[in-house]
Every structure is written in C-alpha cells, then in structure tokens.
Amino acid sequence: MALDLTLYTNPMSRGQTARWMLEEVGEPYDTILLGYDDGGMKSADYRAINPMGKVPAIVHGGRIVTECAAICAYLADAFPAAGLAPPLEARDAYYRWLFFAAGPVEAAVTNKAMGFVVPEGREKMAGYGSFDDAIATLEMAVSGDAWICGEQFTAADVYVGAQVDWGLAFQSIPSRPAFEAYAARLRERPAYKRQKEIDNALIENMQKDG
C-alpha cells in the first residue's frame, strides 16, 4: 500500500539529509531511488516533480517540496509532534542559521571546492563575502554545548549539521574543535544512525550491482 509521504532520492546525494530529517520525524514513508541518468532524475516523469532533475524531493499528500532546507523546514511544520521546530515567536535563530547554511555556506563551500575564487574587491557581489568569513560565522553558530536553538534539537540542526558532517568527511570545510564537537553530538542521534545504516546499505548494493 502506497504511503502518503514519499522520498525521491539517491543514497549518494544530498538525499541523505532529507532521509535523516524523515527519520527524525518518525513517520512512515516510501522511498523511490533514482539514478543519475535519463531514465532516473532526468526522466520526464521525475522532471514533472522537480524540473531541475535532481534529488531529493518529497511528495506529501500530493504536495511537492524540493531543496533540502525547504524539505527540513516543511517536515518540521507538517509533523509538529516530532518537536523539530521552535514556537513561532522563538524562530529567529532557527530561520537565521537554516537559511545561512542553505545560502552563503553552500555557495562558499561549493565555489571553493570547484576552484572558484572571488576577485579581490568583489566580495560584496558574492553574497557570502569570502569563504573564511562564511566558515567563521558557521563556526560561531555551532559553538557551545547546545543546539542551534538552545536546548531544543530542530530541523536547523539537521540541515546545518549535514553541512558540517559532510564538510568534515570530505574536507570541504576545515576541521575545527567546534565543528568536530557538534558533529560528534549529531552522530549519536538514533535518527542519524538509522539514516546512515539505510543509505550505506543502499550504496553497498548499488556498488555490487555496478
């Protein structure tokens, strides 16, 4: 029987972040795996869901949500019993850092990884200023022993945490004590562990089949 919530993903993609969020939510969901080819993400059927032809995407009750940060924020609101979003009057840090990671951090890290350098004197046009500024600000956001929104773990920690976790694993962000400590706390979460177990098994099967 088809469920009301479906994840479109590939285990070797940012779909891992969406799955982690779904595991934190704790609601049952279907998974549709898509390859990086014309018959998968680039197919006409999938482009009807995401014209960009990329994963992840979720469909919930006929509603389509793409982009990892949006998926995290949507699921937190769609399933409030999971407690993954602060009350509306306390969402300043939640929105601030969720979208800082989706905007300046994502752009800064991607540009650096691809060898793009902002010309001197043109930092204001880049949005994130410089890679060093973006990383120093991210470090400030995750410093300390609490979560992004204090004692409450939220969807912002899933998205920001995924950026930090992947960045450390692939060395696209520098190893610093605040990042390492934050990632270590994230990796102890049961939902994080379930996501890694699921996606690592899928990757292993794909590699065997390949």
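Each residue of the sequence shown is one higher than the one before, counting from 0 in numbering that gives the first Met the number 0. For every residue, glycine included, the Cβ atom is placed at its ideal position computed from N, Cα and C. Note that the structure is a prediction, hence the values are computed from the model and not measured.
Item to check | Cutoff 8 Å; reference Gln151; Cβ partners in own chain excluding five residues on either side | outcome: Here the question's residue 151 lines up with position 152 in the sequence shown. Here the set comprises Gly82, Pro85.
Next on the checklist: For the pair the stretch 2-13 and the stretch 21-39, tell me if three or more CB-CB distances fall below 8 Å.
Outcome noted: yes
Checklist entry - With 16 other CB atoms within 10 Å as the buried threshold, where does Glu23 fall? => result Position 24 of the sequence shown, counted from the first residue, corresponds to residue 23. Result: buried.
Checklist entry - At which residue ranges does the stretch 36-122 contain complete alpha helix (DSSP H) runs of 4 or more residues, listed in the order of the chain? => result 43-46, 67-77, 91-99, 105-112
Next on the checklist: Relative to the C-alpha of Ala106, which candidate in Tyr127, Glu122, Ala89, Lys195 has its C-alpha closest?
Outcome noted: Locating residue 106 in the sequence shown gives position 107, where the first residue counts as 1. If we check each option's Cα against that of Ala106, Tyr127 comes out closest.
Next on the checklist: Let me check understanding here. Comparing Cα to Cα, which of Asn199, Ala17, Asp144 lies closest to Cys71?
Outcome noted: Working through the sequence shown from its first residue, we reach residue 71 at position 72. For the residues Asn199, Ala17, Asp144, the minimum Cα distance to Cys71 belongs to Ala17.
Next on the checklist: So, at 7 Å on beta carbons, what are the nonlocal neighbours of Arg46 in its own chain, with the 5 sequence-adjacent residues on each side left out?
Outcome noted: Looking up residue 46 in the sequence shown gives position 47. Cβ within range, chain order: Gly52.
Checklist entry - Shortest alpha-carbon distance to Tyr93 belongs to which of Asp198, Gln15, Ala154? => result By 1-based counting over the sequence shown, the position of residue 93 is 94. The shortest Cα separation from Tyr93 among Asp198, Gln15, Ala154 belongs to Ala154.
Checklist entry - Tell me which same chain residues have a C-beta within less than 6 Å of the C-beta of Met0, skipping the five on either side of it? => result What you label residue 0 is simply residue 1 of the sequence shown in a count that begins at 1. Bear in mind that the predicted position of Met0 carries a pLDDT of just 46, short of 50, making it too unreliable to give a figure here.
Checklist entry - Helix, strand or coil for Asp131 per DSSP? => result The count along the sequence shown starts at 1 and reaches residue 131 at position 132. In this structure, Asp131 counts as helix in the three-state DSSP scheme.
Next on the checklist: Our contact map puts Phe178 next to Glu138 with C-beta atoms below 8 Å; I'd like the distance itself, whole angstroms only.
Outcome noted: By one-based count along the sequence shown, residue 178 stands at place 179. By one-based count along the sequence shown, residue 138 stands at place 139. About 7 Å separates the two Cβ atoms, so the contact holds.
Checklist entry - Can the beta-carbon of Gln162 be found less than 8 Å from the beta-carbon of Ala100? => result What you label residue 162 is simply residue 163 of the sequence shown in a count that begins at 1. What you label residue 100 is simply residue 101 of the sequence shown in a count that begins at 1. Contact: yes.
Checklist entry - Apart from the five residues just before and just after Val64, which ones in its own chain have a Cβ nearer than 6 Å to its Cβ? => result The count along the sequence shown starts at 1 and reaches residue 64 at position 65. So the qualifying residues of the chain are Ile57, Ile70, Tyr73.
Checklist entry - Start and end of the alpha helix (DSSP H) containing Tyr181? => result On the sequence shown, residue 181 is found 182 positions in, with the first residue counted as 1. Unbroken alpha helix (DSSP H) run through Tyr181: 176-185.
Next on the checklist: Taking the beta carbon of Asn204 as the centre, do at least 16 other beta carbons fall within 10 Å, making it buried, or is it exposed?
Outcome noted: The residue given as residue 204 occupies position 205 in the sequence shown. Classification of Asn204: exposed, given that the 10 Å Cβ count is below 16.
Item to check | Those residues which DSSP pairs with Gly149 across a bridge | outcome: The residue you call residue 149 lines up with position 150 of the sequence shown. Gly149 pairs with Trp146.
Checklist entry - Can you name, in chain order, every residue of its own chain whose Cβ lies under 8 Å from the Cβ of Lys111, other than the five neighbours on each side? => result Walking along the sequence shown from the start, residue 111 turns up at place 112. Excluding sequence neighbours, Lys111 sits near Phe130, Ser171.
Checklist entry - Rounded C-beta distance between Val104 and Ala80? I'm assuming under 8 Å. => result Within the sequence shown, numbered from 1, the residue matching residue 104 stands at position 105. Within the sequence shown, numbered from 1, the residue matching residue 80 stands at position 81. That belief does not hold up - the Cβ atoms of Val104 and Ala80 are roughly 30 Å apart, past 8 Å.
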